[in-house]
Structure formats: structure tokens, C-alpha cells
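These notes concern the structure reproduced below.
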Amino acid sequence: NIVAPEKSDLLDFVGWVTMDNQSGKTFENAKIKLMAGDVSKIQQAEVAGYARNEELAVSAAMPPPVSEKAFEDYHLYTLARPATLRDRETKQVEFIRANGVKSERIYVYDGLKIDWNQWRGYRMENLRNNQDLGTEMETKVAVMREFKNSEANHLGMPLPKGRLRFYKQDEDKQLEFTGENLIDHTPRDETLRVFTGNAFDLVGERRRTNVKADSSNHWLDETFEIKLRNHKKEPVDIRVVEHLFRWTNWEIREKSDPFTKMNAQTMEFRVPVKADEEKTIHYTVHYSW
């Protein structure tokens, strides 16, 4: 469980391991070790029951109830005290605890709406030549939590795969659930970015305003306009992600705002939007082949 105060992005973590014994046997005062990593196992055709993944938050600022060490290409976690686990019993044991973890709340608008499953197996020429592809839009603005799993940030422990649940204190000091998601096995000193839901008071619109193509000279131009509306009482920064999927050779011929090239076919604008403001950005991309 991850808790943030009402007006702060410092996080408090309390993590738990969930153990589910469906073995048909009771283990008295057992020394329990948990292995994290992608361990290959033969899958049976039918399985009556199987252990769930560890559910956890993240690392420790207090003396840890669980010790950790590298083991082969995995990580081994040993519970500090013996525990009794009865047959068909589910038990939770505190795994880690950390306070004052620095995090950043990130708003992301990814307005491209394409069902890529429909285009699986198609050649890139089909994506390039279908001029209607990529004109449908998504309006939701995603909320992300980002933090670094480092000792300097009161963490720094290899984190097994599991579920993160986020809570926020309201003005009455009550905890309100604000989202959850799964994380993969995460080494120390890596940065985690976790999707927690969509922002109620932020709206995005994306539409193509112009398209020109010349197949004989092997080029295509598209112009897009993105509108961002902030109905919150405070300003926000929204990261606008654009996917330049039509061809590998592209260049931005005109833009309203600076952008960062994230990879070969993705760019990102960082757009400040004041309270109760609508902000518009636009760009023109030129493809050649």
C-alpha cells in the first residue's frame, strides 16, 4: 500500500507478502524463502490451484522483516522469523516499509487511437497508404506515478513482481483509494512509472487538420492539432505523446511547441496548461520513402 499526504508527493510504503498454502500440508514454524524472477516451470494441462504472486509495496527505511540477496539470476527473500502456514490458509507478512519516498505525478495525453490487433501481419505500406488510419482520437489524460527505486530515495531493494495500491489523504485525514496497478520484477536503481487511472478534470482532443500525399514522388504530409483543457483549480504540465507510425523516414516541418524525440517513431511535447485554460498545439510531419 502506498499513501500520499493531502498536499504532498512524498509517499509512504507498507508492503506485504501474501502466502497461499494449497499443498495439503501444514508447515509449523517454517523458515520461509521467496524467490522472485522469471523462473521457467513446465505448465500442466490443468492446474487445480497455484500460488499467487507476492503482493507488495516497496523498500525499507526501517529494519527489514525480510532479508534479500541475489541468487543465480533471481533474488531470494527470507522472512526474518519462522511462521506457521496451515493447509488452505492464506497469510500476509509485512515485507517492507519506507517513508518519505520522493515521487512525481505525471499527466500523459496519448491521443492516437488504433486497434493494432487489426493490423497485425500487415506490411508498413498498408499503414502508410491508409490515410484514414490514426484519425480517431482518445480523450482521456492518464495519471502516472514515477519514483526511483534507489537508496537515496529510501528504497534501493530489488522489488518482486506484485500489485501497488495507491491511497491519498483527504482534508479529513481519511485515506481514499486512488488507483492500483501491477509492477514487474524491478532491480534497484531503476525508475518505476505506474499508471493509476485517468484524470477527471483534464481532457484532450486530437484531430488531423490537413493531409497531402504524392505517391509518385514518395511523400506524405500530415498536420495535427491537439487541444488540452484543464478544469482543475491549479496549473498542470501535460506530456503529449505522438506516434509517427506511417514510415521510418520522417521530419517535423512545422511545430507550435518544442518536442523531444523519444525513439525512432515517437515524440513528446511538454505543455503547461493554466487552471481553467484550453491550450492548443499543432505540428506538421513530412514522411518520405
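Under the numbering used here, the first residue of the sequence shown is numbered 26, with each subsequent residue one higher.
For each residue, glycine too, the CB sits at the ideal point set by N, CA and C.
* Asked: Looking at C-alpha atoms only, which residue of N26, I139, D34, V265 is the closest neighbour of G125?
  -> D34
* Which residues does DSSP pair with K252 in a beta bridge? -> According to DSSP, K252 bridges with E230, T305.
* Asked: Going by alpha carbons, who is nearest to L152 out of L245, D282, E176?
  -> L245
* Using a threshold of 8 Å, state whether the C-beta atoms of R213 and D262 are closer than that. => no
* If you drop the 5 nearest sequence neighbours on each side, which residues of the same chain put their C-beta closer than 8 Å to that of Q194? -> V28, A29, P30, E31, L200, E201
* To do: Note the first and the last residue of the continuous beta strand (DSSP E) segment covering K193.
  => 187-194
* Asked: What is the DSSP secondary structure of G74, counted as helix, strand or coil?
  -> For G74, the predicted model reports a pLDDT of 36, less than 50, meaning its position is unreliable and no value from the coordinates is stated.
* In whole angstroms, what separates the C-alpha of P107 from that of T115? -> Straight through space, the alpha carbons of T115 and P107 are spaced by roughly 16 Å.
* Can you name, in chain order, every residue of its own chain whose Cβ lies under 7 Å from the Cβ of G136, other than the five neighbours on each side? -> Contacts found: M162, E163, G229, R231, I251.
* **Given R43 as reference, the closest of P185, L36, K50 once Cα atoms are compared** => Rather than Arg, the amino acid found at residue 43 in this sequence is Thr. Cα-wise, what sits closest to T43 is P185.
* Can you give me the Cβ contacts of A86 inside the same chain, cut-off strictly under 6 Å, excluding the 5 residues immediately before and after it? => Bear in mind that the predicted position of A86 carries a pLDDT of just 36, short of 50, making it unreliable; the figure below should be weighed with that in mind. Within the same chain, and ignoring the five residues on either side of A86 in sequence, the residues whose Cβ sits closer than 6 Å to its Cβ are A123, N124, H179.
* K127 - partner residues in DSSP beta bridges -> Note: K127 is bridge-paired with L35 in the DSSP secondary-structure output.
* Asked: For the beta strand (DSSP E) that R278 lies in, which residues bound it at each end?
  -> 275-280
* Proximity winner among K127, S241, A300, relative to E176 (alpha-carbon distances) -> K127
* Verify whether the separation of the beta carbon atoms of W314 and N255 is less than 8 Å. => W314 places its beta carbon 8 Å or farther from that of N255.
* Tell me whether the beta-carbon of K299 lies closer than 8 Å to the beta-carbon of P260. => yes
* **Buried or exposed by the 16-neighbour rule on C-beta atoms within 10 Å, applied to T51** => Around the C-beta of T51, fewer than 16 other C-beta atoms lie within 10 Å, and the residue is accordingly described as exposed.
* **Collapsed DSSP secondary structure at A300 in the structure displayed** => coil
* Are the beta-carbon atoms of H100 and A61 separated by less than 8 Å? -> yes
* L269 and M292: beta carbons closer than 8 Å? -> For the pair L269 and M292, the CB atoms are nearer than the 8 Å cut-off.
* Check whether the Cβ atoms of Y308 and S281 sit closer than 8 Å, and answer yes or no. => A distance below 8 Å separates the beta carbons of Y308 and S281.
* Asked: Under the three-state reduction of DSSP, which class applies to L184: helix, strand or coil?
  -> L184 sits in a strand when the DSSP states are folded into three classes.
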